[in-house]
DNA sequence: CAATAATGTGAACCATCATTCACATGGAGA
DNA sequence: TCTCCATGTGAATGATGGTTCACATTATTG
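Residue numbers (my numbering), protein chains in the order written: chain A, 19 to 227; chain B, 19 to 227.
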């Protein structure tokens, strides 16, 4: 029973998506060409019509990941709110993205990716640095607006921002979805916020107990 | 050339340590029984005199990891300083541990570990939860001392604390040691600190610009 | 309608690697 | 010194999995 033919663009997309989903369920170790092919509905060797190797497929996964992250940022950028509110939205969107896409941390933290080939490590680093740069830009904007303290280094704050997400997603993974990453984010956000926001006299009273 | 005989306790220790170091250099994917054996100085099949399977070796790696983390905490617990200073020390020690032991994030984030067998995932979760609990205890102590705001949930603060370390270590890994995780920690700490410490009138002035 | 290129298929190949087993060896106790 | 058990060895095994290749089939183009 032969699968119906598709253009190589369609197949590349299907294969990358299938690989991405597989990584989320069976992990990087369980990611085999056979499994990908089965999910797509073709035969293992058929993948080589559209990718030259398994490494190429993994690269495609990274591209997907990048699109997801930058899509988030661009959606947020359109909001007409203060920088702090923008960051808050981004935090929630990021956690949602990770929850729906269990593969993200698996890919980011897998040795296959960043111990595999040097260019892969560089690529992943580029993705993360770009994301950090966009967060840092939001922070900088907040400083211009006057909502974020000017003494802070935007890049450092951006790295801290990522720290709001990562431990939660790890715990969420380890607990098989039991741990409530969203709740942690909601709890952590005001605390983080109180550290970076410019304090007005009225707000100062709220922070103190 | 036969290796000189060792007691099984010594060999188990050597094998676990060799595996731990290997994970740091070649990653979880490159961790083979052959590579471990070579590093120890015996033959692959010899490992099976001391471990029943590769999974057993990986479990031993987790035990090593746990000892490293709890060793840190216990060393800190002896310090006769305020809770905030204790946390600061722990932060620095943790980053140092990760830097010297490149294997830690690799193990924590590898699918082989937490997608492998359910008991392994539970074990790893236990290690992390225990670490979090000890941090939370420090936070709680700080609240009793009056140096940390009482309104905060110690567990949530503990998770945030881990967030101070994780992104840094990832960036450090991806940049092949170029990124300065220590510097980020030193920058982030006072910001984090300003969010959790109980504010006295004099300190309040410092925080405002 | 014919021809050509692109896509899909199944078998085979080859490398890697965990694991087993029969055998060798060396040290501790009788 | 002799014996026995734990440890080390090397060859063999079996499974997994990425990759290749010759061939079939479908779509497209002239």
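Heads up, the beta-carbon is just placed ideally off N, CA and C, and yes, glycines get one too. Here the structure is a predicted model, which means the values were calculated and not measured.
Chain-ordered neighbours of residue i on chain B, where CB pairs are closer than 7 Å
i             : result
residue 132/A : 191, 192
residue 202/A : 174, 177
residue 143/A : 192, 193
residue 166/A : Per Cβ cutoff of 7 Å: no residues; residue 166/A is ~11 Å from chain B at best.
Within chain A, partners of residue i - CB distance below 8 Å
i             : result
residue 170/B : 209
residue 100/B : Near residue 100/B there are no residues of chain A at all, since even the closest Cβ is about 18 Å away, more than 8 Å.
residue 146/B : 188, 189, 192
Candidates the options, of which the one nearest residue i by Cα
i             : options                    : result
residue 176/B : 191/B, 127/B, 157/B, 189/B : 157/B
residue 59/B  : 69/B, 88/B, 24/B, 79/B     : 24/B
residue 230/A : 61/A, 211/A, 74/A          : Since the first residue of chain A shown is 19 and the last is 227, residue 230/A is not available in this structure.
residue 229/B : 35/B, 80/B, 102/B          : Because chain B in this structure spans residues 19 to 227, residue 229/B falls outside the shown range and cannot be described.
residue 199/A : 91/B, 182/B, 174/B, 90/B   : 174/B
residue 35/A  : 110/A, 93/A, 92/A, 119/A   : 119/A
residue 92/A  : 208/A, 149/A, 202/A        : 149/A
residue 28/B  : 69/B, 49/B, 84/B           : 69/B
residue 42/A  : 204/A, 209/A, 187/A        : 187/A
residue 181/A : 163/B, 86/B, 203/B, 98/B   : 203/B
residue 146/B : 61/B, 98/B, 87/B           : 87/B
residue 48/A  : 72/A, 190/A, 139/A, 108/A  : 72/A
residue 139/A : 57/B, 98/B, 189/B          : 189/B
residue 122/B : 98/B, 85/B, 201/B          : 85/B
residue 159/B : 114/B, 191/B, 208/B, 100/B : 100/B
Whole-number beta carbon distance between residue j and residue i, since they are thought to touch under 8 Å
i             : j             : result
residue 131/B : residue 76/B  : 7 Å
residue 55/B  : residue 64/B  : 6 Å
residue 215/B : residue 153/B : Between residue 153/B and residue 215/B the Cβ distance is about 16 Å, and since that is not below 8 Å, they are no contact.
residue 133/B : residue 116/A : Not a contact, Cβ separation roughly 16 Å.
residue 169/A : residue 210/B : About 15 Å; that fails the 8 Å criterion.
Cβ neighbour criterion (16 or more within 10 Å) applied to residue i
i             : result
residue 226/A : For residue 226/A, the predicted structure reports a pLDDT of 45, less than 50, and the residue's modelled location is therefore unreliable. The matter cannot be settled from this model.
residue 197/A : buried
residue 151/A : exposed
residue 66/B  : exposed
residue 21/A  : exposed
residue 62/B  : exposed
residue 221/B : At residue 221/B the pLDDT is 49, less than 50, meaning the model places this residue with poor confidence; the figure from the coordinates comes in the next sentence. Under this definition residue 221/B is an exposed residue.
residue 33/B  : buried
residue 124/B : buried
residue 96/B  : exposed
residue 224/B : Because the pLDDT at residue 224/B is just 47, under 50, the model does not fix this residue reliably, and the value given afterwards should be weighed accordingly. When all chains shown are included, residue 224/B counts as exposed.
residue 26/B  : exposed
Contact under 8 Å by Cβ, residue i with residue j
i             : j             : result
residue 135/A : residue 46/A  : no
residue 82/B  : residue 40/B  : no
residue 178/A : residue 206/B : yes
residue 143/B : residue 193/A : yes
residue 112/B : residue 90/B  : yes
residue 184/A : residue 184/B : yes
residue 94/A  : residue 108/A : yes
Within chain B, partners of residue i - CB distance below 8 Å
i             : result
residue 120/A : Going along chain B, no residue has its Cβ under 8 Å from residue 120/A, so there is no contact; the nearest lies around 10 Å.
residue 214/A : 209
Under 9 Å by beta carbon: chain A residues contacting residue i
i             : result
residue 57/B  : Simply none; closest approach about 17 Å.
residue 206/B : 174, 175, 177, 178, 181
residue 123/B : 127
Under 9 Å by beta carbon: chain B residues contacting residue i
i            : result
residue 47/A : 46, 47, 128, 129, 130, 133, 134
residue 71/A : Near residue 71/A there are no residues of chain B at all, since even the closest Cβ is about 15 Å away, more than 9 Å.
Beta-carbon neighbours of residue i, restricted to chain A and to distances below 7 Å
i             : result
residue 184/B : 181, 184, 185
residue 139/B : 192
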